[in-house]
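Chains as they are written, first to last, in UniProt numbering: chain A, 1 to 415; chain H, 1 to 415; chain Z, 1 to 415. Notes for the one structure printed next.
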Amino acid sequence: MAPKYAPSLRARLPPVALLLQIAFIVIFTFFVEIGDYEKKKAEEFIFSYAKFQDIHVMVFLGFGFLATFLTRYGFSSSGFSMLVAALAVQWATILNGFLLFRSFNWKIRIQLKSLVDAELCAASTLVAMGAIYGKTNPVQLLVFALIEVTGFVLNQWLIQTMLQTRTHWLYSIVLINIFGALFGVMTSRFLFHSEMQLKHEKEKVSRMTGVFAMFGTLFLWMFWPSFNSVVEQNTDVMCSTYLSLAVSAVTATAVSVLSSSKGKINLVHVQSSMLAGGITVGAVVTSAPAPWIAMMIGLCATLLSTLGLRYLKDHMLFAFDCHDTVGVLSVHAVPGILGWSAQLILRLATFSNSTIAVRFAVHHICILLITVCVSLVMGVITGLLLKWSFWKPPQENKYYDDQAFWEFPHLLVHK
Amino acid sequence: MAPKYAPSLRARLPPVALLLQIAFIVIFTFFVEIGDYEKKKAEEFIFSYAKFQDIHVMVFLGFGFLATFLTRYGFSSSGFSMLVAALAVQWATILNGFLLFRSFNWKIRIQLKSLVDAELCAASTLVAMGAIYGKTNPVQLLVFALIEVTGFVLNQWLIQTMLQTRTHWLYSIVLINIFGALFGVMTSRFLFHSEMQLKHEKEKVSRMTGVFAMFGTLFLWMFWPSFNSVVEQNTDVMCSTYLSLAVSAVTATAVSVLSSSKGKINLVHVQSSMLAGGITVGAVVTSAPAPWIAMMIGLCATLLSTLGLRYLKDHMLFAFDCHDTVGVLSVHAVPGILGWSAQLILRLATFSNSTIAVRFAVHHICILLITVCVSLVMGVITGLLLKWSFWKPPQENKYYDDQAFWEFPHLLVHK
Amino acid sequence: MAPKYAPSLRARLPPVALLLQIAFIVIFTFFVEIGDYEKKKAEEFIFSYAKFQDIHVMVFLGFGFLATFLTRYGFSSSGFSMLVAALAVQWATILNGFLLFRSFNWKIRIQLKSLVDAELCAASTLVAMGAIYGKTNPVQLLVFALIEVTGFVLNQWLIQTMLQTRTHWLYSIVLINIFGALFGVMTSRFLFHSEMQLKHEKEKVSRMTGVFAMFGTLFLWMFWPSFNSVVEQNTDVMCSTYLSLAVSAVTATAVSVLSSSKGKINLVHVQSSMLAGGITVGAVVTSAPAPWIAMMIGLCATLLSTLGLRYLKDHMLFAFDCHDTVGVLSVHAVPGILGWSAQLILRLATFSNSTIAVRFAVHHICILLITVCVSLVMGVITGLLLKWSFWKPPQENKYYDDQAFWEFPHLLVHK
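Okay, here's the thing in structure tokens:
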């Protein structure tokens with residue numbers, strides 16, 4: 001049989017991308033203006049500038065290179081995350097402005113802070129994309145991103161409206177991870193084909209791509225303390241996160257060796273799991289834990305995450321027909337939920353009055369439940385929508401391969 | 001015929017580089033001292049420190065990795081830009097001190113700000129080098145860099161002297177791009193050989209080198225908002241640039257697919273074009289445009305840039321015998337000139353008095369004309385100088401290849 | 001003979017790493033708390049935050065990628081430095097707290113500043129590791145790191161106790177380099193096998209790994225001005241370091257060509273030597289030299305360093321049976337000692353009173369002698385300890401190879 005060529009995206013990607021882009025520009029024309037509400041003091045500005053840069057690097061470089069470890073998917077994993085994040089940021093700016101920070105008679109004023117907020121939404125999308133990388137084309141990813149951002153902002157709006165919570169809570173780093181991971185996994189469930197049960201020959205790391213992924217991971221790892229202190233701007237949070245991440249790096253390597261029958265380290269597992277400490281501590285930020293608590297939390301999260309990548313990922317595939325490319329369930333959802341529980345326990349211990357404690361617990365659990373429900377429901381919708389053949393999804397044999405989407409020079413190698 | 005070896009640079013590169021280096025040290029000994037004129041407030045210092053770091057990263061990492069996409073040219077594109085930028089920065093410090101910031105009785109006082117100014121000159125050199133990468137040896141690049149920096153500073157001095165303009169104008173990011181690109185293209189025109197009409201077998205991207213170039217591009221893309229706000233230090237400019245760059249990333253991908261007959265994306269085109277928004281908005285910085293204007297400008301610039309890379313680049317080669325390795329004409333000159341025109345229109349709209357408006361327009365157009373003339377004339381001189389066989393230019397068959405310049409271990413691969 | 005498999009580390013690495021990790025958490029539980037002694041002003045905080053980020057990036061990304069140039073050692077050089085640095089930072093925090101910043105009744109209060117101090121210790125370990133990369137397994141590296149950090153802190157404690165010097169002196173960037181390099185070289189001496197006399201087939205750079213190493217080196221090079229100004233927070237130091245590094249980059253390339261018989265550049269030598277200027281100027285930070293002095297020092301240091309890599313490295317191997325993977329002796333020790341001498345001369349020139357001058361000289365030389373002695377003695381101990389077969393050291397034929405430690409997918413390449 002002749003090789004089936006990948007379907008051309010010429011009639012899909014440009015119209016979708018350009019139409020969305022022009023629509024966004026139109027919306028920006030009528031509703032968005034740049035400017036601060038009040039003049040800030042110089043030092044505050046500098047701080048938000050440094051924060052902005054760190055988050056910017058994390059989202060576009062860190063999360064963008066999450067899946068570069070795939071041996072033939074370097075162009076796509078870096079290029080598509082760029083494309084998706086760039087569009088998601090614009091959409092998130094608009095949605096955030098309308099749903100969360102209303103009250104300025106239909107004019108959204110944006111500033112560095114708004115861009116950071118929008119980038120956090122984009123981060124959530126990039127987390128979610130981890131589950132479907134390699135099995136989708138860029139048009140599908142754009143649609144996926146739009147719905148994910150909508151869902152993420154909607155979820156925050158729901159929490160804000162139903163529970164009357166303060167805003168800074170909502171941006172908790174943890175919701176980004178939990179929402180993104182569950183949304184991605186649920187979407188991936190609906191994109192399942194029976195051929196995915198077999199390990200795809202291109203779904204593996206190579207000597208070089210492993211080091212690329214290390215670069216991306218390192219930027220996430222190094223800047224995660226900044227990420228966690230976006231909400232609560234203090235250095236104590238940075239120190240806790242730092243220590244937790246250090247413990248994670250050590251634990252991830254040790255557990256990876258321990259769970260390997262040949263006593264070897266799995267680079268991809270280590271890279272993913274060494275972020276678990278940061279994610280988990282992100283959840284307990286507001287209770288400012290002692291360093292040893294942050295470290296213990298980091299240890300447990302990494303343990304669960306590494307074991308999850310070894311065993312849970314395959315289990316999800318075989319038992320639930322759910323293929324998860326970078327293992328976002330173990331890497332983002334599990335540490336997120338662990339951190340959420342840790343936060344509950346830590347906060348409950350501080351209340352003397354049991355009525356307040358119970359109210360806090362209910363409140364806290366409600367936020368998680370709402371998030372889980374919204375993410376799963378939106379994931380189902382997205383999954384069904386993406387199955388539509390209108391999007392020209394790639395064939396099975398073109399999975400995890402740049403060649404379906406990118407121009408390559410003639411493949412003959414001249415020496 | 002036996003393979004012709006690349007000519008040894010042992011008798012050229014060390015003498016030229018060391019002589020220049022020692023000459024610079026001697027000049028520094030007599031004319032340069034470190035120190036502020038007045039003590040700054042702490043917060044100002046911090047800001048310039050952050051700015052300095054961002055520009056530093058952009059110049060050495062971002063612009064330095066522009067041409068790493070060439071499959072066999074990774075060592076050279078990163079190593080030579082390092083070498084050239086390190087020398088250019090010293091030369092620019094001296095020239096800037098003497099020509100632009102005189103008045104301190106032959107003593108140049110330098111500070112972080114001076115280094116940023118010098119790095120902007122170096123950035124202009126690196127842009128220009130984009131046109132001649134792969135077809136020159138490092139000695140030629142050093143000579144090229146010296147003349148380019150001289151021309152760039154001379155151009156600013158001319159503008160300052162003839163038009164009595166304020167200094168901050170001169171450092172406009174746009175002049176860097178326009179001057180650099182035109183200078184590079186003109187030099188490249190004079191280095192043309194008839195064999196260049198044919199596509200060189202090594203002038204292509206590979207799976208790995210594409211991702212390296214993505215890294216470099218991302219650092220440029222991420223830090224471009226800082227770059228544009230060097231002149232006007234406010235966050236509004238950062239936000240506009242950010243939005244424009246986001247639009248660029250989406251548009252570049254869409255247009256690249258649209259203009260490909262197979263509906264595939266060209267990674268190198270996308271990488272180059274997604275910076276167009278930043279370059280163009282850099283020109284309109286002083287008129288603080290509304291976000292939608294910045295976004296529209298970004299869209300148009302990227303459209304022109306991507307189409308330029310697809311069609312204009314080949315046209316330049318076949319019609320004008322001008323080979324442009326990374327397509328600096330489309331990537332830097334076209335968005336620069338577009339931005340310059342946008343700035344003219346935006347500013348004209350704000351003047352109520354037509355006399356002032358006309359004066360501004362003449363002034364504005366003069367700066368551009370002076371820049372274009374100086375860059376083309378200096379480019380011609382450089383091109384003629386570099387043709388001199390004294391520099392031992394590499395042979396045609398060693399173009400785009402590290403092996404002509406770098407020690408490689410025995411090429412046998414052991415597994 | 002059947003291929004000998006690398007010994008499994010399953011019974012060594014996880015117990016050692018997890019035990020150490022749990023021990024550290026226990027120590028943190030009882031002795032460490034997060035918090036400032038006094039509330040800082042906002043601007044101070046911001047500055048230390050920026051500093052912290054720069055050092056963080058340098059240690060984990062810069063020093064961590066020092067040895068990625070080895071063609072088959074990318075996973076190990078990046079992964080193991082991560083592991084070692086993460087553990088070393090925790091141990092250094094504890095030791096620093098107890099030995100150097102005591103007086104708080106057995107409670108160590110940590111803040112961003114403490115983490116920077118701990119990272120400087122980790123940097124010293126990573127420098128030392130340069131000498132033994134590729135010839136050791138991760139368990140040996142962990143043991144090595146623990147002793148190195150202990151030795152480094154002990155050395156500072158000795159200097160502090162015996163010479164009653166001010167603390168900020170001790171953290172001089174130079175001691176990090178001198179101590180680390182001598183410690184590493186001495187350890188490497190004891191790990192010598194006679195087979196190391198022959199060049200190992202995997203001890204070489206490849207097209208791609210060279211560019212990876214360039215990335216790491218660039219981050220060190222770009223952020224070294226921040227590194228040097230950790231001790232003395234002023235921009236004059238940053239400017240001097242910057243100029244010195246620029247001179248280094250030019251000189252390293254020129255000298256590398258000059259010392260090559262074929263007139264070609266050695267990428268690894270250039271990468272290592274272009275940092276020499278930064279190391280050397282780090283030593284003269286407190287005497288705030290004129291720019292030309294910093295540049296001259298940079299020139300000399302780079303000259304020595306590049307020639308050292310060409311000739312001294314092999315000489316050490318053949319004459320002293322000491323194999324030094326990345327050439328830390330030439331790259332870190334030689335520039336360090338040169339800088340130390342330069343500092344002595346520069347300072348002596350400023351004293352009018354000869355008694356004070358002599359006292360300073362004795363003091364200065366004593367610090368160096370103590371550091372050299374402690375590093376060599378600790379290196380001997382570590383070398384002897386690491387020879388112990390309990391650690392299951394890798395066999396000769398698995399040197400410089402990731403495959404001994406990392407899971408690889410089936411090595412068949414599918415196209």
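For glycine and all other residues, C-beta sits at the position ideal for the given N, C-alpha and C.
For residue i, collect the residues of the same chain with a Cβ closer than 6 Å to its Cβ; drop the 5 residues on either side in sequence, then sort them by chain order.
| i | result |
| --- | --- |
| Ile108 (chain A) | Phe31, Val32 and Gly97 |
| Ala128 (chain H) | Glu148, Gly180, Phe183 and Gly184 |
| Ser206 (chain H) | Thr71 |
Where residue i and residue j are concerned, what is the direct C-alpha to C-alpha distance, given to the nearest angstrom?
| i | j | result |
| --- | --- | --- |
| Ala50 (chain A) | Leu309 (chain A) | 34 Å |
| Lys415 (chain H) | Thr209 (chain H) | With a pLDDT of 36 at Lys415 (chain H), under the threshold of 50, the modelled position of this residue cannot be trusted; read the value that follows with caution. Distance between the alpha carbons of Lys415 (chain H) and Thr209 (chain H): 22 Å. |
| Leu126 (chain H) | Met378 (chain H) | 16 Å |
| Phe219 (chain A) | Phe212 (chain A) | 11 Å |
| Ser259 (chain H) | Thr136 (chain A) | 22 Å |
| Leu100 (chain Z) | Gln403 (chain H) | 51 Å |
| Leu198 (chain H) | Tyr133 (chain H) | 17 Å |
| Ile255 (chain A) | Leu141 (chain Z) | One detail in the question is off: residue 255 (chain A) reads as Val in this sequence, not Ile. When rounded, the distance between both Cα atoms is 17 Å. |
| Ile22 (chain A) | Cys300 (chain H) | 11 Å |
| Cys366 (chain A) | Leu146 (chain A) | 25 Å |
| Ser352 (chain Z) | Ala361 (chain Z) | 14 Å |
| Leu385 (chain Z) | Phe318 (chain Z) | 24 Å |
| Ile159 (chain H) | Val153 (chain H) | 10 Å |
| Arg359 (chain H) | Ser341 (chain H) | 15 Å |
| Thr235 (chain H) | Val281 (chain H) | 14 Å |
First and last residue of the beta strand (DSSP E) that includes residue i?
| i | result |
| --- | --- |
| Arg347 (chain Z) | No beta strand (DSSP E) contains Arg347 (chain Z), which is instead part of the alpha helix (DSSP H) from Val334 to Leu348. |
| Ile132 (chain Z) | Where Ile132 (chain Z) is concerned, there is no enclosing beta strand (DSSP E), given that its DSSP letter is neither H nor E. |
| Val32 (chain A) | Val32 to Ile34 |
Under DSSP, the alpha helix (DSSP H) around residue i begins and ends at which residues?
| i | result |
| --- | --- |
| Arg207 (chain Z) | Arg207 to Asn228 |
| Arg109 (chain Z) | Not the alpha helix (DSSP H): Arg109 (chain Z) falls in the beta strand (DSSP E), residues Ile108 to Ile110. |
| Val247 (chain H) | Thr235 to Leu258 |
| Trp157 (chain H) | Pro138 to Leu163 |
| Gly84 (chain A) | A small correction: the amino acid at residue 84 (chain A) is Val; Gly does not occupy that position in the sequence shown. Looking at the DSSP string, the run of the alpha helix (DSSP H) that includes Val84 (chain A) is Gly74 to Leu95. |
| Thr371 (chain H) | Ser354 to Lys387 |
| Gly184 (chain A) | Ile173 to Phe190 |
Apart from the five residues just before and just after residue i, which ones in its own chain have a Cβ nearer than 7 Å to its Cβ?
| i | result |
| --- | --- |
| Asp324 (chain H) | Ala131, Val185, Ser188, Lys313 and Met316 |
| His363 (chain H) | Leu163 |
| Arg12 (chain A) | Val139, Trp391 and Lys392 |
| Leu376 (chain Z) | Leu182 and Met186 |
| Ala357 (chain H) | Leu348 and Phe351 |
Measure the beta-carbon distance from residue i to residue j and round it to whole angstroms, keeping in mind my assumption that it falls under 8 Å.
| i | j | result |
| --- | --- | --- |
| Val270 (chain Z) | Gly79 (chain H) | 7 Å |
| Val247 (chain Z) | Met295 (chain Z) | 5 Å |
| Leu338 (chain H) | Ser287 (chain H) | That belief does not hold up - the Cβ atoms of Leu338 (chain H) and Ser287 (chain H) are roughly 15 Å apart, past 8 Å. |
| Gly263 (chain H) | Ser8 (chain A) | 3 Å |
| Phe24 (chain A) | Trp91 (chain A) | 7 Å |
| Val116 (chain H) | Phe52 (chain H) | 6 Å |
Can you list, in chain order, the residues of its chain whose CB lies under 8 Å from that of residue i, leaving out five sequence neighbours each side?
| i | result |
| --- | --- |
| Val328 (chain A) | Val127, Ala128, Gly130, Ala131, Gly180, Ala181, Gly184 and Val185 |
| Val16 (chain A) | Val139, Leu142 and Val143 |
Hey, which unbroken runs of the alpha helix (DSSP H) at 4 residues or more fall wholly within the region 273-319 of chain Z?
276-283 and 291-307
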